[in-house]
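Line by line, the protein sequences give chains D and B.
Following this note's numbering, the numbering of the first sequence begins with 1 at its first residue and continues without gaps.
Following this note's numbering, the numbering of the second sequence begins with 1 at its first residue and continues without gaps.
Backbone N, C-alpha and C define an ideal beta-carbon position, used for all residues, glycine too.
Data block below; observations after.
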Amino acid sequence: MYAFDIERPSTIADAVTALQGEDAQALGGGQTLIPTLKQRLAAPSKLVSLSGIGEMQGVCVGDDGAVCIGGATTHATVSREAAAHYPGLAALASHIGDPAVRNRGTIGGSLANNDPAACYPAAALASGATIVTNNREIAADDYFQGMFSTALDEGEVITEVRFPVPQAANYQKFLQPASRFALVGVFVAKYADGVRVAVTGASENGVFRWAEAEAALSADFSASTLDGLNMDADGMIADLHGSSAYRAHLVKVNTKRAVDAAS
Amino acid sequence: MPKDSGIGASPKRREDVRFLTGAGKYTDDINIYGQTYVHFLRADVAHATINSIDTSAAAAMPGVVQIFTGADFEAVGGIPCGWQVTDRFGEPMQEPRHPVIAHGTIRHVGEIVAAVVGETLAQARDAAEAIVLDLTEKPAVVDMKAAAADGSTKVHDDLTSNICYDWGFVEENRDAVDQAIKDAAHVTTLELVNNRLVANPMEPRVAVGEYSRSDDMHTLHTTSQNPHVIRLLMGAFVLGIPEHKLRVVAPDVGGGFGTKIFHYAEEAFCTFAAKAVNRPVKWTSTRSEAFMSDAHGRDHVTKIELAMDADNNFTAVRTETYANMGAYLSTFASSVPTWLHGTLMAGNYKTPLIYVNVKAMFTNTVPVDAYRGAGRPEATFQLERVIDKAARERGVDPIALRRQNFVTEFPYATPVAVEYDTGDYEATMAKLEEIADIGGFAARRAESEKNGKLRGLGVNCYIEACGIAPSNLVGQLGARAGLYDAATVRVNATGSISVMVGAHSHGQGHETSFPQVISEMIGIPEDQIDIVHGDTSKIPFGMGTYGSRSLAVCGSAMVRAAEKVINKAKKIAAHLLEASDADIELKDGQFSVAGTDKSVAWGDVTLAAYVPHNYPLEDIEPGLEETAFYDPANFTYPAGAYACEVEVDPDTGKVTIERFSAADDFGNVINPMIVSGQVHGGIAQGVGQALLENCAYDEDGQLISASYMDYAMPRADDLPFYSVDHSCQTPCTHNPLGVKGCGEAGAIGSPPSVVNAVIDALQSGGKNVTHIDMPMSPSRVWEAMNNA
Ligand SMILES: Cc1cc2nc3c(=O)[nH]c(=O)nc-3n(C[C@H](O)[C@H](O)[C@H](O)COP(=O)(O)OP(=O)(O)OC[C@H]3O[C@@H](n4cnc5c(N)ncnc54)[C@H](O)[C@@H]3O)c2cc1C
Chain D
1 MYAFDIERPS
11 TIADAVTALQ
21 GEDAQALGGG
31 QTLIPTLKQR
41 LAAPSKLVSL
51 SGIGEMQGVC
61 VGDDGAVCIG
71 GATTHATVSR
81 EAAAHYPGLA
91 ALASHIGDPA
101 VRNRGTIGGS
111 LANNDPAACY
121 PAAALASGAT
131 IVTNNREIAA
141 DDYFQGMFST
151 ALDEGEVITE
161 VRFPVPQAAN
171 YQKFLQPASR
181 FALVGVFVAK
191 YADGVRVAVT
201 GASENGVFRW
211 AEAEAALSAD
221 FSASTLDGLN
231 MDADGMIADL
241 HGSSAYRAHL
251 VKVNTKRAVD
261 AAS
Chain B
1 MPKDSGIGAS
11 PKRREDVRFL
21 TGAGKYTDDI
31 NIYGQTYVHF
41 LRADVAHATI
51 NSIDTSAAAA
61 MPGVVQIFTG
71 ADFEAVGGIP
81 CGWQVTDRFG
91 EPMQEPRHPV
101 IAHGTIRHVG
111 EIVAAVVGET
121 LAQARDAAEA
131 IVLDLTEKPA
141 VVDMKAAAAD
151 GSTKVHDDLT
161 SNICYDWGFV
171 EENRDAVDQA
181 IKDAAHVTTL
191 ELVNNRLVAN
201 PMEPRVAVGE
211 YSRSDDMHTL
221 HTTSQNPHVI
231 RLLMGAFVLG
241 IPEHKLRVVA
251 PDVGGGFGTK
261 IFHYAEEAFC
271 TFAAKAVNRP
281 VKWTSTRSEA
291 FMSDAHGRDH
301 VTKIELAMDA
311 DNNFTAVRTE
321 TYANMGAYLS
331 TFASSVPTWL
341 HGTLMAGNYK
351 TPLIYVNVKA
361 MFTNTVPVDA
371 YRGAGRPEAT
381 FQLERVIDKA
391 ARERGVDPIA
401 LRRQNFVTEF
411 PYATPVAVEY
421 DTGDYEATMA
431 KLEEIADIGG
441 FAARRAESEK
451 NGKLRGLGVN
461 CYIEACGIAP
471 SNLVGQLGAR
481 AGLYDAATVR
491 VNATGSISVM
501 VGAHSHGQGH
511 ETSFPQVISE
521 MIGIPEDQID
531 IVHGDTSKIP
541 FGMGTYGSRS
551 LAVCGSAMVR
561 AAEKVINKAK
571 KIAAHLLEAS
581 DADIELKDGQ
591 FSVAGTDKSV
601 AWGDVTLAAY
611 VPHNYPLEDI
621 EPGLEETAFY
631 DPANFTYPAG
641 AYACEVEVDP
651 DTGKVTIERF
661 SAADDFGNVI
671 NPMIVSGQVH
681 GGIAQGVGQA
691 LLENCAYDED
701 GQLISASYMD
711 YAMPRADDLP
721 FYSVDHSCQT
731 PCTHNPLGVK
741 GCGEAGAIGS
751 PPSVVNAVID
761 ALQSGGKNVT
771 HIDMPMSPSR
781 VWEAMNNA
């Protein structure tokens with residue numbers, strides 16, 4: 001690590017002010033950022049820890065029935081506290097990393113980072129979630145902008161994420177054997193007005209919605225509806241752990257399994 | 001009744017109290033007053049000429065004590081290789097200089113280019129970033145077959161080619177083997193890769209160098225499996241420090257698996273630099289450094305042919321292997337694909353004619369050396385895979401084909417130089433059939449199929465040569481050291497015992513199992529006996545722990561030393577009991593005169609030895625301490641049969657291991673619990689190799705599996721509950737304990753059965769897949785199914 005200062009504000013307003021300094025950076029659970037610092041791949045002058053901000057913690061249900069999760073809420077807390085309201089989301093949180101990661105890593109950190117193999121982006125996109133920041137609300141459809149890239153501005157803090165609760169949902173995560181991130185993860189959410197399918201791990205452009213599957217499943221929510229569909233391997237990630245054709249294939253397998261598990 | 005102490009009992013591992021409570025003392029726990037820290041600047045390209053290194057800006061940075069480059073090490077020796085292999089034309093292998101710090105040329109990613117010694121690690125690291133390198137990159141040599149081609153870029157310009165040696169074994173059999181293959185009724189051919197692995201011990205390597213001006217004494221604290229070997233290699237060959245001025249200490253070591261046998265540049269550096277800066281110098285490897293500087297394992301590319309007559313009797317085996325050495329020869333690198341591999345190609349079978357060809361290749365990659373099993377897993381894998389393929393081609397049962405060809409009479413002289421002293425392969429196979437419930441497989445397969453899964457059963461046998469090694473034999477084969485071991489049994493005045501052993505325990509449980517042997521011999525409780533190891537200033541000598549040799553070789557030395565102690569104690573007892581030594585018997589810690597009720601306790605005799613008031617001083621010296629060196633007469637030959645049952649998900653290619661069974665013959669067993677644990681760990685590593693672990697380079701020589709994000713280690717939930725058995729025991733005929741060694745069996749015996757099981761599963765699903773290279777990741781299995 002290079003040397004840096006650290007601040008631990010207790011309100012969002014103070015955090016936003018602290019983040020205005022040059023090269024200041026928000027620190028969530030540090031599960032991505034700290035390893036990056038240790039490898040000297042980033043050199044912030046100041047870290048602003050969000051973990052002491054009470055208003056960014058915890059899970060609640062809004063007046064419209066949406067599950068609202070504070071931006072600094074850990075995966076472990078989501079897996080416990082969202083279970084009664086949005087079991088599909090809680091189940092996803094309970095399979096991120098290992099207990100140490102889940103007890104530190106946060107939803108805000110995960111969505112801000114937008115790792116192409118991360119789990120939460122699939123849930124947020126498939127749920128049509130709203131990413132709430134210190135100064136605006138961003139629809140998930142507008143938020144994810146490719147690998148490690150989001151609509152967030154410099155110094156903008158995710159304070160809350162609102163998930164409309166679907167009638168049925170399931171996340172199927174096929175593990176990358178080494179990291180156990182998603183080699184391919186598919187989140188299927190069925191709402192009264194249609195089905196949304198979001199895919200993580202697969203595309204070189206990060207999380208995306210599978211429109212053909214959504215159309216087919218909105219008409220008939222059954223795995224066999226997908227039999228005739230195929231995901232194009234073009235633009236899929238190819239690496240040590242799988243070719244683009246394999247990832248495209250897994251998108252379909254996982255989508256079908258998610259539908260089976262959700263229905 | 002199971003025993004609760006002595007040989008055959010399973011007392012819990014006493015060392016675990018400190019390991020599990022965080023009270024272990026590892027090398028990184030050693031911090032010495034005035035200590036400095038070194039940060040190594042490591043190459044991030046695989047192959048380059050170093051035009052210049054400018055350290056001037058770095059040297060001016062805060063906290064920098066001194067910066068070293070290759071030029072500082074010109075006057076000292078290179079890192080030596082401990083084994084000279086002679087090629088099939090009678091010429092010695094090509095042996096390039098292996099500098100402590102790269103000098104003139106960079107030959108692999110991770111090679112040390114400069115070393116910054118600083119007051120703090122952070123300061124040293126900061127300064128390293130200010131070092132300016134002027135490099136001219138060269139094409140990287142990565143693929144072994146391309147490296148062998150004429151006109152390939154050379155890893156070492158001063159060598160004639162990238163071929164370290166082209167070895168033939170047994171060269172005299174070459175023509176006869178060729179002829180037998182021509183004449184065979186059936187030949188099965190298989191090309192396969194034995195994947196490159198990173199050992200990944202839980203504790204990364206650490207070295208702390210210390211120098212005392214007042215007595216010109218060097219001390220190296222290091223994570224080693226064999227401190228005396230490091231003292232010899234580093235003292236005599238690299239730094240020119242005589243043994244009496246060099247102490248090497250390897251305290252608690254958190255796993256070795258072979259990769260901590262070798263003498264590494266970082267050890268020589270810390271020892272050298274401690275004198276140069278006149279302060280202790282400490283290096284603690286990061287995990288990232290470990291990936292690119294710990295010697296890797298395996299990495300063979302092999303073609304094997306198995307010839308059979310019309311009745312499926314094996315008539316000949318011929319192999320051609322390319323074995324990766326990496327950029328330099330690590331300590332035992334040259335011996336692994338040759339003497340630890342070719343000599344095992346007979347396996348458990350009476351194949352009369354065998355020819356093994358190995359081309360050892362230099363490439364721009366991290367050096368490759370022994371990793372749990374070392375050569376023997378590579379031999380077992382190809383042989384047991386080709387037998388499985390042959391059974392399929394011939395339409396015969398793979399177990400029956402093996403049985404038909406088993407060696408059944410012992411001693412058995414193989415056509416590849418070694419002689420098996422004893423064994424019973426039928427017994428372990430029969431035991432395996434029982435514990436693996438092979439009879440119940442068909443029903444389990446039907447059940448899996450109902451759930452949409454393909455189920456496969458894979459079986460293999462293995463044999464290994466352990467207890468390395470008879471010194472006169474290995475000397476003829478090119479070893480530059482003897483491979484005996486030593487122990488001192490020091491009896492204290494009140495009867496407790498310290499045993500100083502040359503074996504080093506880094507997970508094997510010696511502190512528990514070695515006292516069981518002494519306890520059995522003398523009849524005093526195990527808690528009266530302690531094992532001392534890991535410090536050249538405390539133990540007589542020792543070649544260390546690897547090759548499943550600790551008990552077979554060092555344990556034998558300990559038995560011999562204890563016998564000397566007992567003989568002397570009997571003389572003292574005879575004096576105290578006024579009897580003749582020949583009539584003295586030792587049992588349960590009591591010396592008695594045969595046929596009488598006269599006796600004296602162990603503690604009274606030992607006290608007499610140290611307080612010799614009533615003592616035969618004219619005949620024997622006071623004190624009770626004896627040392628023995630033991631050089632084995634032969635290798636030992638543990639053997640066994642393993643079975644793996646897998647389920648394959650036909651939609652994703654994901655393999656899960658449903659059952660794993662191992663029936664081993666380790667000869668006599670001192671502590672069955674520890675032996676089971678060794679087998680468990682070995683299987684985990686074998687399964688890791690078969691399904692998960694893959695050390696991969698790209699064509700530029702960049703290590704692309706350089707962290708746990710991409711290098712998959714086996715986790716507990718990748719493994720089933722194993723069923724292991726070591727009740728088949730044919731005691732080794734030539735060592736005093738009748739033991740064979742168990743440390744590597746699991747890693748040697750498991751990969752083929754996993755692959756055999758996956759092939760069986762796919763075939764059962766109508767997929768004509770005959771081979772998949774390890775690791776059989778989901779994507780590889782899926783590709784194989786798709787291409788079938
Ligand atoms: C061993 C391991 C396994 C893992 N496995 C998985 C897995 O299976 N699936 C998965 O999805 N993830 C996985 N992760 C990643 C983990 O979920 C991280 O916690 C997450 O990606 C980042 O969250 P964090 O709170 O730790 O963020 P940090 O590391 O603190 O920060 C990450 C980035 O987000 C920014 N940031 C943090 N919080 C906010 C905020 N509220 N507003 C704006 N910006 C913010 C930071 O400035 C930084 O740029 C794993 C991590 C590890 C170490």
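Check                                                                                                                                 : Outcome
Within the segment 495-573 of chain B, ranges of the beta strand (DSSP E) (whole runs, at least 3 residues)                           : 497-501, 529-532
Assigned exposure category for residue 476 (chain B) - 16 Cβ within 10 Å defines buried                                               : exposed
Within 8 Å, strictly: CB atoms of residue 6 (chain B) and residue 380 (chain B)                                                       : no
Beta strand (DSSP E) segments (min. 3 residues) lying fully within the segment 201-278 of chain B                                     : 206-212, 217-222, 246-249
Nearest neighbour of residue 292 (chain B), chosen from B:198, B:337, B:332 [CA to CA]                                                : B:198
Own chain residues within Cβ distance below 6 Å of residue 498 (chain B), not counting five before or after                           : 490, 530, 532
Collapsed DSSP secondary structure at residue 239 (chain D) in the structure displayed                                                : strand
Cα-Cα separation between residue 660 (chain B) and residue 149 (chain D), rounded to whole angstroms                                  : 45 Å
Contacts of residue 178 (chain D) in chain B (Cβ-Cβ under 7 Å)                                                                        : 708, 709, 710, 711, 712
Stretch pair the segment 587-594 of chain B + the segment 569-577 of chain B: three plus CB contacts closer than 8 Å                  : yes
Contacts of residue 253 (chain D) in chain B (Cβ-Cβ under 7 Å)                                                                        : 651, 652
DSSP bridge partner residues for residue 318 (chain B) (one or two, in chain order)                                                   : B:305, B:355
Sub-8 Å separation of residue 290 (chain B) and residue 205 (chain B) beta-carbons                                                    : yes
Beta carbon proximity, residue 27 (chain D) to chain B, threshold 8 Å                                                                 : no
Quiz: which residues have CB nearer than 5 Å to ligand 1 non-hydrogen atoms                                                           : D:25, D:26, D:27, D:28, D:29, D:30, D:31, D:32, D:33, D:71, D:96, D:97, D:101, D:105, D:106, D:108, D:109, D:110, D:112, D:113, D:118, D:119, D:157, D:158, D:181
Top-ranked residue by Cα proximity to residue 677 (chain B), from B:143, B:419, B:507                                                 : B:507
Per-residue contacts from residue 95 (chain D) into chain B (C-beta, under 9 Å)                                                       : Within 9 Å Cβ-Cβ: nothing; residue 95 (chain D) doesn't reach chain B, min ~12 Å.
Inter-residue spacing [alpha-carbon to alpha-carbon] between residue 189 (chain D) and residue 116 (chain D)                          : 20 Å
Cross-chain neighbours of residue 240 (chain D) in chain B, by beta carbon under 8 Å                                                  : 694, 696, 704, 705, 710
Nearest candidate by alpha-carbon position, reference residue 619 (chain B), set B:645, B:504, B:569, B:423                           : B:569
Cα-Cα separation, residue 262 (chain D) to residue 231 (chain D)                                                                      : 21 Å
Any C-beta of chain B under 8 Å from that of residue 174 (chain D)                                                                    : yes
Beta carbon proximity, residue 283 (chain B) to chain D, threshold 8 Å                                                                : no
Any C-beta of chain D under 8 Å from that of residue 750 (chain B)                                                                    : no
Span separating the alpha-carbon of residue 93 (chain D) from that of residue 444 (chain B)                                           : 34 Å
For residue 134 (chain D) and residue 78 (chain D), the rounded distance between their alpha carbons                                  : 21 Å
Assigned secondary structure, residue 752 (chain B) (DSSP; H/G/I helix, E/B strand, else coil)                                        : helix
Close beta carbons around residue 166 (chain D), own chain, < 6 Å, minus the five adjacent residues each side                         : 189, 190, 191
Exposure of residue 369 (chain B), with buried meaning 16 or more beta-carbon neighbours within 10 Å                                  : buried
Inter-residue Cα distance where the pair is residue 193 (chain B) and residue 358 (chain B)                                           : 14 Å
is_contact[residue 47 (chain D), chain B] using C-beta, thresh 8 Å                                                                    : no
Top-ranked residue by Cα proximity to residue 360 (chain B), from B:779, B:761, B:166                                                 : B:166
Touching by the beta-carbon criterion (3+ pairs, under 8 Å), the segment 73-93 of chain B and the segment 136-145 of chain B          : no
Neighbourhood of residue 22 (chain D) by C-beta distance below 7 Å, restricted to the same chain and skipping five residues each side : 45
Test: residue 224 (chain D) CB closer than 8 Å to a CB of chain B                                                                     : no
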